[in-house]
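Chemist: This is the structure I have questions about; it appears just below.
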Amino acid sequence: MTPFVSVQRLSKTYTAGSLFRSRIPVTHAVRDVSFTIERNTVMGLAGESGSGKSTLARALVHLDPPSTGEVRVAGIPLARLGRHGLRKARRRMQIVFQDPHGALNPRLRIKHSLGEALANAAVPRAERADRAAELLQLVGLAPEHLDRYPAAFSGGQKQRIVIARALAGRPEFLVLDEPVSSLDVSIQAQIINLLMDLKRRLGLTYLFISHDLNLVSYVSDSIGILKEGELVEYGPAEQVLRRPRSEYTRKLFGASPALHRGV
Amino acid sequence: MSPPSARFPSLRFAAAKLGRLFVTVFVITSLVFVVLRVLPGDPARTIAGLDADEREVAALRAELGTDRPMLEQYLSWLWAMLRADFGSSFFHDRPVLELIRERVPLTVTLSVAAFLGALLVAVPLGVAMAVRRWGAVDYFGMAFSHLAMALPEFWLAILLLLAFAVMLGWFPLFGAETPLHFVLPVVALALSRAAVLVRLVRSSMIEELGKEYVLAARAHGLPEHRVRYGYALRNALLPVITVGAIQFGYLLGGSIVIEQVFSLPGLGRLLLSAIYRRDFPVVQGGVIVTAVVFSGVNFIADLLYSAANPKIRMT
Amino acid sequence: MGRHKIHGRDGETVLQLQDVQVSFSSDGRSARALRGIDLELREREVHGLVGESGAGKSVLLHTLLHLNRGSANVETSGRVIYKGQDLLTLFEPNMRRIRGAEISIVFQEPAKHLNPGLTIGGHIEDLLRYHRAATRRTAGARTAELLELVELPRRVLRQYAFELSGGMQQRAMIAIAIACNPQVLLADEPTTALDVTVQRQILELLLRLRAELGLSVLFVSHDLGVVHEIADRVSVLYAGRVVEEAPNTVAFSEPLHPYTELLLRSVPSAAVRGRALKVIPGTVPDASAVPPGCAFHPRCPIAGELCAEQMPQLEPACDEHRVACFYPGQLSALESKEGAL
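Following this line, the structure appears as structure tokens:
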């Protein structure tokens, strides 16, 4: 069975130069990365800062198209799609970023933010109000919140709204780039539980990116470790956790603070 | 990790800026060249007088060279420029450079004095306002700034003249013989420049004082004066350098209004009368000098800024 | 990273907070950021202070150094005892002598807390100049010593903050903080913005400095794992009060306060794979709207009537273990009972 998401030899390089410079500095943000994600599973992607996690995330959904390599979602190579095709494909996959405070337009009421997303998902105007209320309930918020502005909400609530917005077009695949990093510990737990619950209920597939190895260990079915743009470790979670192949993985896990609870 | 700090910007950095300066000046003067000749007003007619006959005017035009096609005039001007020949005034029949050179010292003195005066007022006032926001000094400073910015420069100048030269008789009315002649014009200029600068100093200082490194410095027990001046003010002055340079450049261009009100024989007055009379060479020469000086001042400001802000030096 | 010896077990108290309260008022409303902190920092101890945002961690540190003195709408009460003196009663010049020289601090996000226009060497010199009356020359030896202590190369002295990596910036910040050989080091989330491997290095550095210089460290963080790695004793902060204080191992394996217990169980790790994380319903109360009685009671699964009316005091429950709760230990008892059913 073909995997739901398939990434083959993806690379992303940035060149910086100016008219008068002879040397053109090149940054290999992502090098030759390949992995697959089965439907309804979570792939965890971990790495330190500068490892290329966010670049990979953006390249995956073609926000910032890859320099080389291929991304297939549900068997369809994204690179082959034209602009129109890509827009349609984007409805099946969404990306949630780290900072909920910056993700919502502070001047739009929640119902309008969600309304925009629903419009983009080609939901008919008549249905949008109902669907917006539905989405909020899906993430554990009350429909009354539709009339408020983002400023009225806490970080955790905002992140729930961002997730609701991402679900507007009934996507199948979510790329979550540090979705809980800026939240408090107890709120993190709420959001993580929510995400796992949604995955079960809606049959979602996740690429879960985080620098927090404990979180990645908890949440993932398969794990990839990025180091300076290269995927130095990749495999089923149990395997990566028990018998990592790469020295770097061992070093990372060794350095991570752990709570040794008497479990 | 990254290249070691350089105390001064690299040569390549400076050369690039110089190159851009040259291009800027060239474009400006070419534009002025064209605009002058396109505007209505015939210098030959102005010199000869309204009742001179057509033949005289035509002869004058030939002499001045204003009857030739624009492109020809432009090219011959360019050629002259390459030889650093600014030509002679249509009116005074003296070399343009000489005329300008006579006026420059006065304008420079005026500008430098006014600029220093502006800084002397704006910086301490702005700092005092920022340190105690919404206090008495802050309100006073804001009032001063608003007032000085709202009042037209010449109005302020005339007011000063009226009060201190006419009514009180402390200062002379016009001319530029003694240092006393300069006091009122400098004050008028300085106050209007200070009005703008003080707000910048205030907001920049407020911003710096709110930054984390200031908190950290205080948390480490550094005395308040060190934190305020050595840490916050030093960084707060960076944007002031940039804006200050622009202000200074304007001053150097010849504060036409002030020179007019106080009858000071500066560059501004020279340029103004040359424009009225369509004295092309003087206008062009004046514009070039002004453009060069302005760009030069900004260039120096850029150097100063990069010397003061280590981040810019490296990139 | 193992902890070999529990420091501070019977050591002398170096810094003591007694019923410290801080409230901010604006527009007629007052926000009670600290509602009576009782905390003890012992000699050569690393004391971890755990709290989520809004718990009052930063306010606590600022109050210790009496940094919020100038603000008009701040009210502080209580005592901060250091070397027999109440720091909150000291005049500013005397307090300044203590800041940086006897009680020093390192911050989160070192890049923001370093003067962008000053070299690292300049920062260190400033401290030495104002606290130790050093000159450029006399400062040289001490500066070199400091760099060695924090394992930074000499060239750092001439560099600016933005030229250094996150880890190096934090080492520089530490060097600056210990320049005058302080007795107490306050650490405000020093590793939060850093990569995991760098974080480990900084924690090890702090432990080494504690051993070599005899520092007492108050380590504030929201990261439970980090606190567990480095602290000897732990205090848990909730809505402006300390709700539990215990030695590290005890606090993390046998917490008595429901908040601590729930917080620990809400942290994800490989060990709890496949299970839903324990969630504490609701959110940390805003400082301007703290519930009466025990601030945690609206979110507490075992809250009783008493909890809504009276505020529990931090009282000893067993050896070296203090807790502010009317039903300490009941939560885990309840859950193991339910688990057994």
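Line order of the protein sequences matches chains F, X and L.
Here the first sequence is numbered in my numbering, starting from 1 and rising by one per residue.
Here the second sequence is numbered in my numbering, starting from 264 and rising by one per residue.
Here the third sequence is numbered in my numbering, starting from 579 and rising by one per residue.
Glycine included, every Cβ here is placed at the ideal spot set by N, Cα and C.
Would you verify that the beta carbon of phenylalanine 830 of chain L is, or is not, closer than 8 Å to some beta carbon of chain F?
Modeler: yes
Chemist: Relative to the C-alpha of arginine 160 of chain F, which residue among F/Ala117, F/Ser210, F/Gly85 and F/Pro100 is closest?
Modeler: F/Pro100
Chemist: According to DSSP, is histidine 264 of chain F part of a helix, a strand, or is it coil?
Modeler: The first residue shown for chain F is 1 and the last is 263, placing residue 264 of chain F beyond what the model contains.
Chemist: Ends of the alpha helix (DSSP H) at threonine 249 of chain F?
Modeler: 247-255
Chemist: For alanine 571 of chain X versus isoleucine 504 of chain X, is the C-beta spacing smaller than 8 Å?
Modeler: yes
Chemist: As a quick exercise: from X/Ser518, X/Ile563 and X/Ala428, pick the residue whose alpha carbon is nearest that of valine 371 of chain X.
Modeler: Nearest C-alpha to valine 371 of chain X among X/Ser518, X/Ile563 and X/Ala428: X/Ser518.
Chemist: Could I get the ranges of all uninterrupted beta strand (DSSP E) runs contained in the region 152-209 of chain F, with 3 residues as the minimum, in chain order?
Modeler: Whole beta strand (DSSP E) segments, 3+ residues: 173-177.
Chemist: At a Cβ threshold of 8 Å, is alanine 393 of chain X touching chain L?
Modeler: no
Chemist: Just checking, does the region 669-676 of chain L make contact with the region 737-749 of chain L on the three C-beta pairs under 8 Å criterion?
Modeler: no
Chemist: Taking all protein chains shown into account, decide if glycine 229 of chain F is buried (16 or more other Cβ within 10 angstroms of its Cβ) or exposed.
Modeler: buried
Chemist: Note down, in chain order, every chain L residue with its Cβ under 7 Å from the Cβ of valine 232 of chain F.
Modeler: Chain L residues near valine 232 of chain F: none, gap ~14 Å exceeds 7 Å.
Chemist: Would you kindly check if the distance between the Cβ of arginine 613 of chain L and the Cβ of glutamine 599 of chain L is under 8 Å?
Modeler: Yes, they are a contact pair.
Chemist: Counting pairs of Cβ atoms below 8 Å between the region 863-870 of chain L and the region 191-206 of chain F, do you hit three or more?
Modeler: no
Chemist: Output the boundary residues of the alpha helix (DSSP H) element that contains lysine 690 of chain L.
Modeler: 688-691
Chemist: Just to confirm, are leucine 294 of chain X and leucine 527 of chain X a CB contact at a threshold of 8 Å?
Modeler: no
Chemist: Is it right to say valine 429 of chain X is buried, meaning 16 or more other beta carbons lie within 10 angstroms of its own, or is it exposed?
Modeler: It is exposed - the Cβ of valine 429 of chain X has fewer than 16 other Cβ atoms within 10 Å.
Chemist: Leaving out five residues before and five after serine 743 of chain L in sequence, what residues of the same chain have Cβ atoms less than 6 Å from its Cβ?
Modeler: Around serine 743 of chain L: no qualifying Cβ.
Chemist: Can you grab the Cα-Cα spacing for the pair proline 77 of chain F / glycine 50 of chain F, in whole Å?
Modeler: 27 Å
Chemist: The beta strand (DSSP E) that contains lysine 227 of chain F, what's its start and end?
Modeler: 222-227
Chemist: Can you check which of these residues, F/Leu45, F/Asn40 and F/Val26, is closest to valine 33 of chain F by C-alpha distance?
Modeler: Closest option to valine 33 of chain F, Cα to Cα, is F/Leu45.
Chemist: Starting from leucine 252 of chain F, find everything on chain L with Cβ-Cβ shorter than 8 Å and list it in chain order.
Modeler: Val774 and Thr775
Chemist: Report the residue from F/Val219, F/Arg250 and F/Arg245 whose alpha carbon sits nearest the alpha carbon of alanine 849 of chain L.
Modeler: F/Val219
Chemist: Throw me the rounded Cβ distance for the alanine 121 of chain F and alanine 168 of chain F pair, which I believe falls under 8 Å.
Modeler: 5 Å
Chemist: Between which two residues does the alpha helix (DSSP H) carrying proline 502 of chain X extend?
Modeler: 497-515
Chemist: So is valine 262 of chain X buried or exposed if we call it buried at 16+ other beta carbons inside 10 Å?
Modeler: Lying before the first or after the last residue shown, residue 262 of chain X is absent from chain X, which here runs from 264 to 578.
Chemist: Which same chain residues end up closer than 6 Å to phenylalanine 208 of chain F when comparing Cβ atoms and leaving out the 5 residues on each side of it in sequence?
Modeler: Val42, Gly44, Leu176 and Val219
Chemist: Tell me which residue opens and which closes the beta strand (DSSP E) that histidine 697 of chain L is part of.
Modeler: Here the sequence assigns threonine to residue 697 of chain L, which means histidine is not the residue at that position. No beta strand (DSSP E) holds threonine 697 of chain L; DSSP gives it neither H nor E.
Chemist: Could you list the residues in the region 831-849 of chain L with a C-beta less than 7 Å from some C-beta on chain F, going in chain order?
Modeler: Ser831, Leu841, Leu842, Ser844, Val845, Pro846, Ser847, Ala848 and Ala849
Chemist: Exposed or buried, lysine 53 of chain F, counting other C-beta atoms within 10 Å across all chains shown (16 or more means buried)?
Modeler: buried
Chemist: Between the region 401-416 of chain X and the region 533-545 of chain X, are three or more C-beta pairs nearer than 8 Å?
Modeler: no
Chemist: Give the interface partners of proline 236 of chain F over in chain L, defined as CB-CB distance under 7 Å, in chain order.
Modeler: Near proline 236 of chain F there are no residues of chain L at all, since even the closest Cβ is about 12 Å away, more than 7 Å.
Chemist: Listed in chain order, which residues of the region 662-673 of chain L have Cβ atoms closer than 7 Å to some Cβ of chain X?
Modeler: none
Chemist: Quick test of your reading: alanine 529 of chain L and glycine 634 of chain L, contact by CB under 8 Å. State the CB separation rounded to the nearest angstrom.
Modeler: Outside the modelled stretch of chain L, which goes from 579 to 919, sits residue 529 of chain L, for which no answer is possible.
Chemist: Within 8 Å (strictly less), CB to CB, does histidine 806 of chain L reach chain F?
Modeler: yes
Chemist: Suppose contacts are defined by Cβ-Cβ distances below 8 Å. Is isoleucine 756 of chain L in contact with leucine 785 of chain L by that definition?
Modeler: Contact: no.
Chemist: Assuming alanine 377 of chain X contacts alanine 321 of chain X under a Cβ cut-off of 8 Å, what Cβ separation, rounded to an integer in Å, is found between them?
Modeler: So it is not a contact: roughly 46 Å between Cβ atoms.
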